[in-house]
Structures are given as structure tokens and as C-alpha cells.
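I have placed the structure first, in the form of C-alpha cells, so that the comments after it can refer back to it.
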Amino acid sequence: MKITVVGAGAVGATTADNIIRRELAEELVLLDIKEGVAEGKSLDMYQTAALLNFNTKPVGSTNDYEKTKGSDVVVITSGLPRKPGMTREELIGINAGIVKSVTDNILKYSPKAIIVVVSNPMDTMTYLALRESGIPKKRIIGMGGALDSARFKTYLALEMNVSPNDIHGMVIGGHGDTTMIPLTRLATYNGIPVSRFIAADKLDKVAADTMVGGATLTKLIGTSAWYAPGAATAMIVESIVRNQKRIVPCSVMLNGEYGQKDICMGVPVVIGKGGWEKIINLRLSDAEKASFAKSAEAVRNMNAALDA
Ligand code: NAI
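Printed below as a string of C-alpha cells:
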């Protein structure tokens, strides 16, 4: 198994770190356009092998795609992150060019790779990667819902003063501050609806905090977050590599599911060795259906900016 992570910035390096610690591949290639950065971070990470006892070898590359040849899974994190006050949507112009050229280069050397797109605005970048590459849709997975759901579970756990491990919950829809849909109705504390433990107004606040979860961190840190994004991305990679069939909300191409077509948006999918293998159709309430349709409209408008 060989895995490539493109972009050795905060999210790419954290993703790589999570992947090598879990020994998901024999070799991990970390590639960045900035001279020496991927090589340096890979060497730094490899020096943890003697301390942490893992056997995956990280290899750095400054834009030499030949080193990525024959990758089974490729994660794309290259691109600008948000600064305080910015929306993910404002990144579209510059990141579209980067994601397009990276996808072309990757597929030249790894035509069978499963691609996990992280760069923002992620739903539009996933759509772009799929449209430009023309590879089977099940091989392109956008990472957003995995992170948003982790944030949702954390805010629920904080409110209830319990462990996030005991909370189940999902965020679907677009990966944007106003487009994501935390499914409060379906969230549970070990199978018991959380509404039994939290008052309605508090539950609404948890949902609102989740939606601006990324912006809250960007304001605090001065740039966007990396620990949870890296862990969420590695979780998806692990489900592919180990064929775990985990159900994870991911941005995938819809063809009538959830009432939408020709759009990549977050819905629960089964992740296994073939990429996303199956969409899980949740029975949404009328209000949730309306939120999904509204979210789709916003994502569609953003996709239109690709051709503007
Ligand atoms: P960063 O600035 O720390 O790292 C980005 C890296 O990409 C830099 O090292 C840069 O040199 C590299 N890069 C730029 N153009 C490149 C190219 N053509 N080829 C190879 N490498 C290139 O940014 P960070 O924080 O790692 O974020 C990366 C992206 O991930 C951003 O677009 C950010 O908004 C997005 N993101 C998405 C999340 C999600 O849930 N989908 C969560 C967090 C961040």
C-alpha cells in the first residue's frame, strides 16, 4: 500500500502523521510545491518512528510527482487556508487552479488512485476534481462531514459533560458555515436521543456552534485548524485501506439521492477499499429536507463560480 498526501502544510502534515502512526501503508509520500518543506517534515516525522515504533516510511518531495507513482490513495490538501473573517468560499479562485493541476499530475502517475479532497471550498473542489478527471465517481471523496461531525459530537459532549466517544451524530449538507446541517434529531448518547438530556434551546446552540466551529478556531489561532482535520482525513483513509466499511458523511457526487443531481455534497456513505461504496439514504424530516435543498442551492451557486 502506498499513500500520497499533497500539501505539506498544517493539515497535510497532520494527516501524514496520523497515517504513518497507524501504519496504513508501507510508504507515504508527502509532496509540496515549497522547496524542501515536504522533505524536512517527512524526515522529522520519520525520526519519530524510533520513538513510537511504527514502520511506515514517509518520503518528502518538492513537486516531483514521479515519487508518487503507483499510489493507492491520494489526499489533496494543497491550497490556501482561511484567515480570520474569511469564508471558505473566498478561496475558490486560487484553490481551483491548484486542485486542478494537482489532480492531473496525480492521475498521470497513479491512474487507479482513490482521491480524498480536503482543500476548500471542499464541495466545489471535489466536484472540480471529479469533473476534470473523469474518473469513476466512487473514487473521489470530499472530507468535510467527518470533521464537522467530530466537532458536533465534541460540542454535544461538552454540553452534556460526557465523553465524545459515547456520542453519535452526523453533519450532512455542504461544508460551509451556513450550509452544513447538524442532524440534532438523530444524535444519540449511546443510542439514546440526546434530546432526552439537553433542552431544545441548548441543542440549537450546539448546532449553531458546530456550524461556525471552524471559524471559531480560525479566530482563535489566526489560521484554520489542523489537528481534527488531519485526524478526520486519516480516519477516512484508514476506512479505505483497511476496508472498514465505516459510515462517514462525505462529499460525493449525487445522482438523484437526497433529491439532488450533478453536485458533490455531504451525505453518509460507506467507505471501503473501492472508495465510497454506497450512499446511505436517511429518512429526513421535512425541515431537514428543506435545509438540504437550501444547502444544495448554495453549493450549486459556488460551483457556478468555477466557470465564471
Ligand atoms: P497551509 O497553508 O498550512 O498548507 C497548504 C500547503 O499547500 C502549503 O504548504 C503550500 O505550499 C501547499 N501548496 C500550495 N500550492 C501547491 C501546489 N500547487 N502543489 C503542492 N502544494 C501546494 O494550509 P492548511 O491549513 O494545511 O490547509 C490546506 C487546505 O485545506 C486549505 O484550503 C484549507 O482551507 C483546507 N481545509 C479543509 C478542511 C476540510 O474540512 N475540508 C479543514 C481544514 C482545512
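Count the sequence shown with the UniProt record's numbering and you get residues 1 to 308, in order. We treat Cβ as the ideally placed atom computed from N, Cα and C, and that holds for glycine.
Between the C-alpha atoms of S71 and A16, what's the straight-line distance to the nearest angstrom? Taking the sequence shown and counting its residues from 1, one reaches residue 71 at position 71. Taking the sequence shown and counting its residues from 1, one reaches residue 16 at position 16. Rounded to whole angstroms, S71 to A16 spans 14 Å at the Cα level.
heavy atom of ligand 1 below 8 Å from G12 C-beta: By 1-based counting over the sequence shown, the position of residue 12 is 12. Yes, since a heavy atom of ligand 1 falls inside the 8 Å radius drawn around the Cβ of G12.
Compare the Cα-Cα distances from G174 to each of D204, T14, P268, N53 and report the closest residue. On the sequence shown, residue 174 is found 174 positions in, with the first residue counted as 1. Selection D204, T14, P268, N53 evaluated against G174 yields P268 as nearest (Cα-Cα).
Candidates V212, E39, I106, V37, of which the one nearest M86 by Cα: As a working mapping, residue 86 is identified with position 86 in the sequence shown. Residue nearest to M86 within the set V212, E39, I106, V37 is V212 (criterion: CA-CA distance).
Where do the ends of the alpha helix (DSSP H) carrying N301 lie? Here residue 301 corresponds to residue number 301 of the sequence shown, with the count starting at 1. Taken as a continuous stretch (DSSP letters only), the alpha helix (DSSP H) holding N301 covers 286-304.
Measure the beta-carbon distance from A296 to Q260 and round it to whole angstroms, keeping in mind my assumption that it falls under 8 Å. Translated into positions along the sequence shown, residue 296 becomes position 296. Translated into positions along the sequence shown, residue 260 becomes position 260. Yes, A296 and Q260 are in contact; Cβ-Cβ is about 5 Å, under 8 Å.
Look at A150 and A207 and say whether their C-beta atoms are less than 9 Å apart. Residue numbering aside, residue 150 sits at position 150 when the sequence shown is read from its first letter. Residue numbering aside, residue 207 sits at position 207 when the sequence shown is read from its first letter. Annotated as distal: A150 and A207, with beta-carbon spacing of 9 Å or more.
Measure from the alpha carbon of K278 to the alpha carbon of each residue in A234, E257, E23, then state which is nearest. For the purposes of this step, residue 278 is identified with residue 278 of the sequence shown, where counting begins at 1. Checking every option, the nearest Cα to that of K278 belongs to E257.
Specify the secondary structure class of M265 as computed by DSSP and reduced to three states. Along the sequence shown, read from residue 1 onward, the residue named residue 265 stands at position 265. Shown here, M265 sits in a strand according to DSSP, grouped into three states.
Thinking C-beta only, is G230 closer than 9 Å to T14? Here residue 14 refers to the residue found at position 14 when the sequence shown is read from its first residue. Here residue 230 refers to the residue found at position 230 when the sequence shown is read from its first residue. For T14 and G230, yes; Cβs fall inside 9 Å.
Would you say I140 and I115 are within 9 Å of each other, going by their C-beta atoms? In the sequence shown, the residue the question calls residue 140 occupies position 140. In the sequence shown, the residue the question calls residue 115 occupies position 115. A contact, by the Cβ cut-off of 9 Å.
Look at G176 and R88 and say whether their C-beta atoms are less than 9 Å apart. On the sequence shown, residue 176 is found 176 positions in, with the first residue counted as 1. On the sequence shown, residue 88 is found 88 positions in, with the first residue counted as 1. Yes, these two residues count as a Cβ contact at 9 Å.
E35 burial status per 10 Å Cβ neighbour count (16 or more: buried): Walking along the sequence shown from the start, residue 35 turns up at place 35. Looking at its Cβ environment, which holds fewer than 16 other Cβ atoms inside 10 Å, E35 is exposed.
Using the three-state DSSP reduction, which class does E89 fall into: helix, strand or coil? For the purposes of this step, residue 89 is taken as residue 89 along the sequence shown, with counting starting at 1. Taken through DSSP and simplified to helix, strand or coil, E89 comes out as helix.
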